[in-house]
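Visitor:
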Amino acid sequence: MEFILLVVIALFAGLIGSLVGLGGGVVLVPATLYIGLNLGMIPDITPQKVVGLSVVMMIFTGLASTLSYMKSKTVDYKSGFIFFIGSIPGTILGAWVNKGLDLPSFNLYFGILLIILSIILLVRDKLKPVKWFVKNGMQQEFTDSEGQTFVYGYPIWFAITLTFGIGFASGLFGIGGGSMIVPAMIILFLFPPHVAVATSMFMVFLTSIVNSASHIALGHVPWLYTIPVIPGAYIGAKLGAALNKKIKSDTLVLALRIILLLLGIRSIIEGILA
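Residues 15 to 288, numbered by the numbering used here, are exactly what the sequence shown covers, in order.
Structure below.
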């Protein structure tokens with residue numbers, strides 16, 4: 015039964031993650047903790063194992079999404095590698111800090127992060143783009159299928175500093191980092207939205223390889239549960255990338271804001287009352 019539930023969770027995580035550039039960990043981690051610990055369906059699961067499972071899953075969601083976005087030529091590989099370089103030390107440090115977290119602490123800090131992410135998604139469309147980073151950084155151009163040209167960019171030092179922090183959160187909580195980097199790419203660096211999502215998933219793919227290696231070395235990966243999670247997430251990510259090209263994700267992002275907010279509140283309450 016837990017295998018069926020994990021397939022469904024992974025499919026949904028891959029779909030949502032790929033569609034809006036989140037990576038899927040923000041779905042898989044709380045859902046797996048809930049069925050595993052609250053419902054008692056996976057008695058040997060721990061926060062560390064859920065994070066390990068999530069980062070392995072994100073290799074495949076990131077790969078599936080990147081392969082799809084490569085066909086539409088919306089991946090900015092140069093930016094993806096720069097963001098990846100910044101995230102490497104943060105990811106390793108986050109994985110190391112994760113091993114010392116007990117369940118109440120994990121729930122508390124993860125809940126705070128979810129609420130921050132929901133607020134970021136909530137205000138993302140209401141914030142005015144900041145042009146300083148483009149004017150004072152490395153500039154690039156992108157012309158979409160309709161012939162519209164976008165100029166975007168960033169100071170490399172700032173991008174590396176930002177992605178170090180995002181990498182730390184990714185290693186600590188098993189999230190892809192896309193939920194934080196995509197709003198920054200759109201608001202601060204003026205990335206076209208589709209390029210931001212595609213480049214985010216490319217970075218998620220690269221970062222998850224390092225993240226997974228760190229958690230494997232720490233013994234955090236429950237290999238048995240990767241059997242249902244990997245194919246489910248891969249298929250979900252392919253579907254999400256295909257849908258991203260056809261629909262506007264406004265409705266989905268609205269639902270995700272509410273879900274993350276509720277999950278965050280619930281996680282904080284559990285962390286405090288445990």
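Glycine residues also receive a C-beta, built at the ideal position from the N, C-alpha and C atoms. None of these values were measured; they are calculated from a predicted model.
(1) Curious, which full-length alpha helix (DSSP H) runs of at least 4 residues does the segment 163–225 contain?
(2) Tell me which same chain residues have a C-beta within less than 8 Å of the C-beta of Leu127, skipping the five on either side of it?
(3) Just list the residues that DSSP pairs Met152 with in beta bridges.
(4) DSSP has Thr157 in a bridge; who is on the other side?
(5) Using DSSP with H/G/I as helix, E/B as strand and the rest coil, what is Lys92?
(6) Please report the residue range of the alpha helix (DSSP H) in which Asn121 lies.
(7) Does DSSP classify Thr75 as helix, strand or coil?
(8) Any idea what DSSP makes of Val64, helix, strand or coil?
(9) Taking the C-alpha atoms as reference points, what is the distance between Lys63 and Ile241?
(10) Can you give me the start and stop residues for the alpha helix (DSSP H) that Gly39 sits inside?
(11) According to DSSP, is Met55 helix, strand or coil?
(12) Note down the Cα distance separating His229 from Ser119, rounded to an integer number of angstroms.
(13) Do Ile174 and Ile96 count as a contact pair if the criterion is CB distance below 8 Å?
(14) Cα separation between Leu81 and Leu33?
(15) Considering only residues of the same chain and omitting the five flanking positions on each side of Tyr83, which have a CB-CB separation below 7 Å?
(16) Considering only the beta carbon of each residue, do Leu27 and Ala247 sit closer than 8 Å?
(17) Have a look at Ser93 and Gln153 and give me their C-alpha separation to the nearest angstrom.
Guide: Based on what the coordinates show:
(1) 170–187, 192–201
(2) Locating residue 127 in the sequence shown gives position 113, counting from the first residue. Contacts found: Ala183, Phe187, Ile189, Gly278.
(3) Mapped onto the sequence shown, residue 152 falls at position 138. According to DSSP, which records beta bridges pairwise, Met152 is partnered with Tyr168.
(4) For the purposes of this step, residue 157 is identified with residue 143 of the sequence shown, where counting begins at 1. Answer is Thr163.
(5) Here the question's residue 92 lines up with position 78 in the sequence shown. Three-state DSSP puts Lys92 in a helix.
(6) As a first step, residue 121 is located in the sequence shown; it is residue number 107 there, counting from the start. 117–138 is the extent of the alpha helix (DSSP H) around Asn121.
(7) Reading the sequence shown from its first residue, position 61 is the one you call residue 75. Helix at Thr75.
(8) In the sequence shown, the residue the question calls residue 64 occupies position 50. Three-state result, Val64: helix.
(9) For the purposes of this step, residue 63 is taken as residue 49 along the sequence shown, with counting starting at 1. For the purposes of this step, residue 241 is taken as residue 227 along the sequence shown, with counting starting at 1. Rounded to the nearest angstrom, the two C-alpha atoms are 14 Å apart.
(10) Start at 1 with the first residue of the sequence shown, and residue 39 comes out as number 25. Start and end: 39–47.
(11) Counted from its first residue, the sequence shown places residue 55 at position 41. Looking at Met55 - three-state DSSP - the assignment turns out to be coil, as it is neither helix nor strand.
(12) Taking the first residue of the sequence shown as 1, we reach residue 229 at position 215. Taking the first residue of the sequence shown as 1, we reach residue 119 at position 105. If I take the Cα positions, the gap works out to 19 Å.
(13) As a first step, residue 96 must be located in the sequence shown, where it is residue number 82. As a first step, residue 174 must be located in the sequence shown, where it is residue number 160. Contact: yes.
(14) Locating residue 81 in the sequence shown gives position 67, where the first residue counts as 1. Locating residue 33 in the sequence shown gives position 19, where the first residue counts as 1. Spanning the two alpha carbons is a distance of roughly 14 Å.
(15) Residue 83 sits at position 69 when you count from the first residue of the sequence shown. Around Tyr83: Val89, Ala212, Met215, Ala255.
(16) Indexing the sequence shown from 1 puts residue 27 at position 13. Indexing the sequence shown from 1 puts residue 247 at position 233. The displayed chain sequence assigns Ala, not Leu, to residue 27. In contact: Ala27 and Ala247 (Cβ atoms closer than 8 Å).
(17) As a first step, residue 93 is located in the sequence shown; it is residue number 79 there, counting from the start. As a first step, residue 153 is located in the sequence shown; it is residue number 139 there, counting from the start. If you take the alpha carbons of Ser93 and Gln153, they lie about 11 Å apart.
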